[in-house]
Structures are given as structure tokens and as C-alpha cells.
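What follows is a single structure, written as C-alpha cells, with notes after it.
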Amino acid sequence: MAEQTILDSFGTKDQLSVDDTSYQIRRLDRIDGSARLPYSLKVLLEDLLRNEDGRLVTADQINALAAWDPKAEHGREIAYTPARVLMQDFTGVPCVVDLVAMRDAIAELGGDTKRINPLCPTELVIDHSVIADVFGRTDAFAINAELEFERNAERYQLLRWGQQAFDDFSVVPPDTGICHQVNLEYLARVVFTRDSDEGPQAYPDTLVGTDSHTPMVNGLGVLGWGVGGIEAEAAMLGQPMSMLIPQVVGLKLTGELQTGTTATDLVLTVAELLRRTGVVGKFVEFFGPGVANVPLANRATIGNMSPEYGATCAIFPIDAVTCDYLRLTGRSEHRIKLVEAYAKEQGMWHDPGHEPEYSQILELDLSSVEPSIAGPKRPQDRIPLRLAPATVSALLSGTETTEQALSALDEASADSFPASDPIAFAQPQPEGKPRGPWEGDDKLPWPSDPESIELADGTKTDLDNGDVVIAAITSCTNTSNPSVMVGAALLARNAVDKGLSRKPWVKTTLAPGSRVVTDYYERAGLTPYLDKLGFNLVGYGCTTCIGNSGPLIPEVSKAVVDNDMTVCSVLSGNRNFEGRIHPEVRMNFLASPPLVVAYALAGTLRINLLTDPIGTGSDGEPVYLRDIWPTTEEIAAVVDDNLQAEMFTASYADVFTGDDRWRALEVPAGDTFSWDPDSTYVRQPPYFDGMTPEPAAVTDITGARVLAKLGDSVTTDHISPAGSIRYDSPAGKYLSAHGIERKDFNSYGSRRGNHEVMIRGTFANVRLRNELAPGTEGGFTRDFTQPDAPVSTIYDASVNYLDAGVPLVILAGKEYGSGSSRDWAAKGTVLLGVRAVLAVSYERIHRSNLIGMGVLPLQFPDGADADSLGLTGEETFDITGVTALDDAIPDTVHVKAGSVEFDAKVRIDTPGEADYYRHGGIMQYVLRQLLD
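First residue of the sequence shown? That's 8 in this note's numbering, and the numbers climb one at a time after it.
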């Protein structure tokens, strides 16, 4: 690639002095129109000014951003260059595998292997591999950590090799924390500094991350969002990211949260509001007088769940709260001074009285937030806690969606479901009839059919539909937030003091986002109470939220499977899609950490936590949640007394060093990796097989068959391999054939570096429903290469289609590919032989990832879908007009499927995306650029 020459067409270079250091900056106030821009677009404007080279970043792009029209659907294409890249190990391992394979490929094509090297700082945090195999005992963490190393040594060797072979590539070893919390507490700079030929530079910290919840750091004023691994690899290799200037939705905050409500209740309310508004592909920005009332940890919680409402990011501007958090987490005083001086100099310091121009303005009164949970299948399906029993009852009785269940309740008498008073948690209530319509389970039409079970310790109990079998304080969403974590621990203390215990059928786990949580628990003397209720530390990682929940209690598992029971999980995470948490658990609810503890005590969703007793105390009297819920003042006092900056500086002092097991890993030397042909974790991928220096011409897609016909809201969890590997699945059979015992299968996520496993797990989610194979659930389809088109696994059918030279298409409904930024949802799709996807609408990241792997995303005509067009999935498809992509981006292509013909919209949205498609994918495009 040609050397980049940086321009300054607008004369924005200037100096900013902080202490004794002078930094080069690009002054935004020298650009007409910049003052009216939202905070997030000011960050993008600075990025363009600093990277203007007249080729990839042009003066026209800068002018277009300065003249941004907030009402336009989107602006022109710009080239965004993030300051750094963040990865977690599930997505990071395949990134490193791909970079290693690119080194092999560039060597074969006569290029220099050193050209394949990160050109911007890249940080990887190993946090997705620990599984909660063991729980409820003091040695749970030690055992789970040991099992993690035993299972993942091959992957970790690759990452250790990458740390030494690649420049500007850092790895945070296992058992340290969750990537987003490590990012928030340590890696984020807020204002980035870097040496240049003209001296030190200062500019906004920006990033892209290979986890969709990267926007958690938006709470700190850092602009970043989730991308697929393939996009992240291009960013690592110095390629600007092509994007369209987005709309920016302003969410004005007023008021403050009431006592008894938590950050989780707030974020579930925000998720519901923004998903209903429609913010897919848009930036969301918070402003107004209520911003100062939102603590930094709460801001991070809101940013974390951006993917759940579809926004690219959800950002808070820099203010005094930002600087206070930097000081709390042990950042240097010079850094804090730089952040404040830079933000104020650039007009990026939040002024509650200033209202930038926005595409749309929403308003939320924080005092209107009430205690809530969300589920059982989608994070945006918020359920007021007061309505939870009736809603879950309706769902168990056959109501299809949460929305339908809540609508039915709305139509009922308002007096039957009074709005809850959150203060009821903190203050004793008068004796007498409980508030609300429930005096007992007899008022609810539960499909009750309890099963008697005897546990290993001899305890005999009953298990029923609607019971909670997993209660997990897990994931980055809430474990970064001291108020809810301390609240959960204080509730546990109060419960233990009352003589309460968890119900025996509940698996209870605690997986904090960083070791600092353990430090302030220990200092406050709260750990013993959590341990007493079974919330022993199981690891520092995502665990339950990504499907690493481990096995259920064996006797519970047997009862659930044998009797086809509908049981529940309650977790403090951000994702609850079908089949994600545990394959045997059909209903999954998101809740705050204190409510997770409460549901572990209650053991069921059949209870109204606001009105019904959750147990019987040691004195024989009923105990209500209000009796044990800690006050806001008590939580704040414990946080203030026990959370100190020294905890952060000590925890992160040697963050990249790792423990003895990490340091003892054998790491081979050399610029290229030595692939082990016997490895079932890391294998050389086939993406560059037969690659030529120049791309072949784009071709039409003819004679294609449908691999799957899918409905609405098919997530990347449905598409991408995730969770445990079933022994009787194609992936399980592959591992067995390679001598791997069932106990060592590990998870799909841990085997993302082996394409053979991942192909076999694509579209294999146990809850996937392919309408082409009615009556089945899981990874099944019909194989039209065989007589009578029998039902087959999707993988086995794809092998036959590939052998026969038949291209494949996917038919889908609305919001195709929503959820996590799983690059394997796109990689597995292309490796199965899929050439095009035809959907009603797409989620941003997955559409981009499909293009990045050379798959053509198409959209049905407005108002149409497969059913309205009469498509059954049994047709043969011809898609013509694709060849026009050789020269431009056509608006539509023509689709002929049997007797049905229509024009489908081409969802390649930018010239950069068109380049990737022409080259067969983003990796091939970058590799060819690096050959120059």
C-alpha cells in the first residue's frame, strides 16, 4: 500500500498544553457548522480531519460531515479510522487464525509476511472460555479455571504466539476480567495519545470491537461499536472503515431514579423505548439535565445494551462524572487533566443547557422507571416486575409473545395491576392484604404438573414449570456496576440473617467482570453471605450470558428432559435468545443482580416479588422482599467506604503478565505459525485456497436451491455455532471421529479456530425452525439433490449441494441477523455454500459481515416477504443482474424462483462494501491491497 500523506486542507492543526506537555490537536472550531453537531459526530469529524489524505479521506467527506443534515436518512460515505481494536477470545482466536492464514497466503503470492501485522493498537481479553462447570462451593473458581486451561491450551498457545509475533498486539490472560469491564476500567484512554513525527498527538479515543457490546465504553465518552471479526481484521491492518454518516437520535434525560430501582431497570426501559422507536443503524446520544444524575457505571450499563435496541452506539458526552470515574479507577492525574482540557477546548464537554441538532429527540423521565425484568426470548421485551407472574403464566399457557401477554393485561382492569411503588422495597408495608391481585398461586392458571426429585444430598423436593433452575450474576452488563453488585450482596446478607436459603433446584453462580469486585466484596465483609446462598465465585468471564452456564443440577436436568418441562433462568446479563443460555432452559429472563438473588431464594417465576413472601425465616415468619432489600443510602455508604482507586491500580499493575499456567505455555518462534494437523481447536482455514492476485469477475447466481426458509427475528445465535456441542450433532460426530471424548467437547465458542467444527454447527441451534422442514427444530432441512428431497441435517445437505455444484440461498424475515456480532454467522454461511440471503430486513453488523465474506445480501420488495410472494423454498432460484456489481452498485437484481419473479433490493450500501464483494470478501480485498 502507498504511504499515507496527511493533509490539513482546513488549517486545523494547533497545540494544546497540559502540565509540561504540548499536544498536537485538530481544532474543530475552525470548521463551519461544527458547533451544532452532536458529540458523536464531532468525534467523527476530528477523525476525518486527522486522517485526511486526499485519497481514502477527502475534503469532500469533511465538508459533508460539517454540513450534516439531521433529517436525511443517512449522509454520504466516509472513511472512519478507529484509534484501536478490542477483541475477546471467542472472536479474537479466529481473527488471529485469519491473520496467520493471510501471512501464509501473502507468502504464496510472493508478498512480504511482515505486511500482515496490526497497524493500530489491538487488545485482546480472554474472557469467553470459562464454563461454570462447578458451582456452590469454595473451590469452584479454582476448578473451573483449571478446566479452562486444560480445554483451551491449544488456543492459548496461538494467542501467546500472536502476542510475540505481531506488533502492537496485547493479550490480557484468562481469569482477569470481562473485556468490556477491563476496557472501561483500564484500557480506555478517553483522550488517546500517540507519538508522531511532529510530536505527541491528542485525539478522541475511538475503537471497534469484535464483541457487539463494545458500546459499553460509550458510557465513558469513548465512541466505539461492535463489528465482525473480519471487519476488525481490516481495521487492524490499517484499512479505514467505510460507513455512511448516520442519523443521531438524542435522548433527553430528566429527573432521577427512585429508591428501589436499579441501573438494570433503567437499561431495560431504555432498550424497550429505543427498540420501539426504531434506531437500527443510528447513533444514540444522551443529553439534558438528567445526565448528571446518571452515575458512570449506569451509563456503561446503558451503552452495553446498544445491540439489544439496534443502535450502533449509545454515548454520553464527557463531563465531571467522567473525570471522577477516571480518578476512581486509578488513571493518572495528567490523563484526567488532559481529558478535561481537551473536551472543553473542542466543545465536547457536556453542557446540560445546550441542545445540539439531532435527527430525532426522545425524552425519558428517570423517575418513571420501575423495577422490571425482560424475557423470555428477547432483551427488549420488558416486563414490569408487578406483572411478571401473570405474564409468565400467560406465556406458559400458550400466549406466543410477551407483547401479547402484556397487551391482554393492559386490557384488564387497571385496579388489578396497580403501578408499583419502588420505595416499597425499602420500607415496611402495613399488615393486611398484599398489594396487587395475587394472594396465592390459585389465582394464576399455571400449567402445573410438578415432578418429585431427590437430589444428591438426599433432599426431596418438587420441580414445576416456571421454576428457576439457573440464577446467575453474570456478564459485563451489570458486574461493572458497584451499586447493583453491592446491592445484591447486601440483599444476600439480609436474607441469610433472616434464615433464608436458595431453593435446592437452583444453580447459583457469580462471575464478576473484574477482580476489583472481589476486592470490594472482601473489604466489605460480604463474600460469606453470597457463599452461604450458593453464589460462590465461579470465574471472571461471561459464563451464563454466552451459554457457558455449565450443566444443570443432574437430577433437575433429568426431570426437565424426561418430562419436557418449561423451566427458567434469571441472569444479570444482556442476552436471553432462544437456546443461548442452556439448551434445556426454554425461558430466560434478564434482571438486576439483586433480583437474581431474590429469584434464587424464591425458586420460581410464579411469585409476585412485590407482594408475596419469598420464604420463611428462621423465626417461622414469612419474609418479603421489602424486608431484605437494602436502602439506597446503605448501598452508597458501602460503595464509598470500600471501593478505592488503589484496588484498580493494584489489579491492573501486571494485567498482561498472567499466572503461572499462562507463562508456562510453550510458544513456538517464527513469523509464520506451525499448524498442527491433529489439532481440533486451531486449523488453517480455506478462505485463501486458490486465490489469485486479481479477483475474478462477478457472476450471476443460477440454479440455486434454498438451504433454509426462516421467519422473523432470526438472530446470529440461531445461525452461528454457540454454547455446548451435542454428542449426536454433526460437530459432535466430527470430534468423536477425531478421538475426542464427549467430556472434552468444550463449547463451539472455544473451537472457533477450527472451521470444520464451526461449519457443522452453523444453523444448528436447537431452537432454529426451518420452514422448509416443517415439524423439525434444530439444524434440519430438505436435501433436493436426493430423490423425494428427504429431511437431512443442514450440514449434510450442504455437502451434497457443494459436491453437485449447486449454489444455495437463505430466505428470511424481519431483523435477520440481530444479536451479537458473530463473524461465524457469516463465515459458516459462506462455507456451507450460500451465495445470497434474501430477507425482509437486516441487523447492521450481520449484513456487513455477509458482504465481508462474499455473500450477497438482498431485500424483498417493500411490503413483501417469502410467504406473500408464494415462495415455499422448494423452488430453483436464478438471480440475474449481479454482474452489474463489477462496475457499480445496482439498486436491484432480478429474482426468478419457479413461476415467481420479482426485483430484490441490493443491500450493498457503500462503494467500500462493493469492493469487498467484488474481491470475494474483505480479507481477500485487504490481502490484494497489501501485495502492492
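From the three backbone atoms N, C-alpha and C, an ideal C-beta is built for every residue, glycine too.
Check                                                                                                                           : Outcome
Buried or exposed by the 16-neighbour rule on C-beta atoms within 10 Å, applied to Ser1                                         : In the structure as shown, the chain starts at 8 and stops at 939, and residue 1 therefore has no counterpart that could be examined.
Any beta strand (DSSP E) of 3 or more consecutive residues that is wholly inside the region 860-907                             : 863-866, 884-887 and 899-904
Collapsed DSSP secondary structure at Arg144 in the structure displayed                                                         : coil
Under 7 Å between C-beta atoms of Ile133 and Pro180                                                                             : yes
Any 3 or more C-beta pairs closer than 8 Å across the region 75-82 and the region 32-39                                         : no
Proximity test, Val286 beta-carbon vs the ligand FMN heavy atom, cut-off 6 Å                                                    : The model depicted lacks the ligand FMN and carries no ligand whatsoever.
His725 (DSSP reduced to helix, strand or coil)                                                                                  : helix
Closest Cα partner of Thr783 within the set Tyr606, Lys716, Pro728 and Ala843                                                   : Lys716
Asn649 versus Glu529 - alpha carbon distance                                                                                    : 9 Å
Alpha helix (DSSP H) runs wholly inside the region 611-660, at least 4 long, in chain order                                     : 632-635, 639-649 and 652-658
Pair within 7 Å by beta-carbon distance, Ala531 and Val604                                                                      : no
CA nearest to the CA of Gly520, picked from Val491, Leu373 and Gly756                                                           : Val491
Proximity of Val135 and Phe97 at Cβ, strictly below 7 Å                                                                         : Contrary to the premise, residue 135 reads as His rather than Val in this sequence. Yes, the pair counts as a contact, with Cβ atoms nearer than the cut-off.
Nonlocal neighbours in the same chain, by C-beta distance under 7 Å from Pro700, ignoring five residues either side             : Leu116, Arg935 and Leu938
Residue from Asp526, Ala304 and Ser579 with nearest C-alpha to Gly382                                                           : Ser579
Close Cβ partners of Cys102 (< 7 Å) along its chain, the five nearest in sequence each way excluded                             : Met94, Thr217, Gly236, Ala239 and Glu240
Beta-ladder partner(s) of Asp795, from DSSP                                                                                     : DSSP output for Asp795 lists no bridge partner at all.
Selected residue, minimal CA-CA separation from Tyr46, among Val764, Leu244, Pro324 and Thr890                                  : Pro324
Of the listed residues Asp922, His357, Gln691 and Gly228, nearest to Asn190 (C-alpha basis)                                     : Gly228
Three-state secondary structure assigned by DSSP to Trp168                                                                      : helix
Simplified DSSP state of Val254, which is helix, strand or coil                                                                 : Sequence inspection shows Gln at residue 254; the Val mentioned does not correspond to that position. Coil, per DSSP.
C-alpha distance - Lys467 paired with Pro511, whole-angstrom precision                                                          : 9 Å
Pairwise C-alpha distance: Ala566 and Asp456                                                                                    : 12 Å
Selection from Pro794, Pro797 and Ile801 that minimises the alpha carbon distance to Asn772                                     : Ile801
Whole-angstrom C-beta distance between Leu281 and Ala318, which should lie under 8 Å                                            : 6 Å
Beta bridge counterpart(s) of Leu845 as assigned by DSSP                                                                        : Leu818 and Leu865
Contacts around Phe2, its chain only, beta-carbon distance under 8 Å, and the 5 residues preceding and following it disregarded : Here the chain has residues from 8 to 939 only, and residue 2 is not among them.
Collapsed DSSP secondary structure at Arg789 in the structure displayed                                                         : strand
Rounded distance between the beta-carbons of Val291 and Cys330, thought under 8 Å                                               : The pair is not a contact, with the Cβ atoms about 23 Å apart (cut-off 8 Å).
Host beta strand (DSSP E) of Val674 (start-end)                                                                                 : It is not in any beta strand (DSSP E) - Val674 carries neither H nor E in the DSSP assignment.
Cβ contact (3+ pairs, closer than 8 Å) linking the region 754-764 and the region 557-573                                        : no
Beta bridge counterpart(s) of Ile766 as assigned by DSSP                                                                        : Bridge partners of Ile766: none, in fact.
Range covered by the beta strand (DSSP E) that runs through Thr484                                                              : Looking at the DSSP string, Thr484 is not in any beta strand (DSSP E); the run it does join, the alpha helix (DSSP H), is Cys483 to Thr486.
Meets three-Cβ-pair contact criterion under 8 Å: the region 721-735 and the region 889-900                                      : no
Unbroken beta strand (DSSP E) run spanning Gly206, endpoints                                                                    : Gly206 to Pro211
Local Cβ density within 10 Å of Gly1006, reported as buried at 16 or more and exposed below that                                : Given a span of 8 to 939 for the chain in the structure shown, any question on residue 1006 remains unanswerable.
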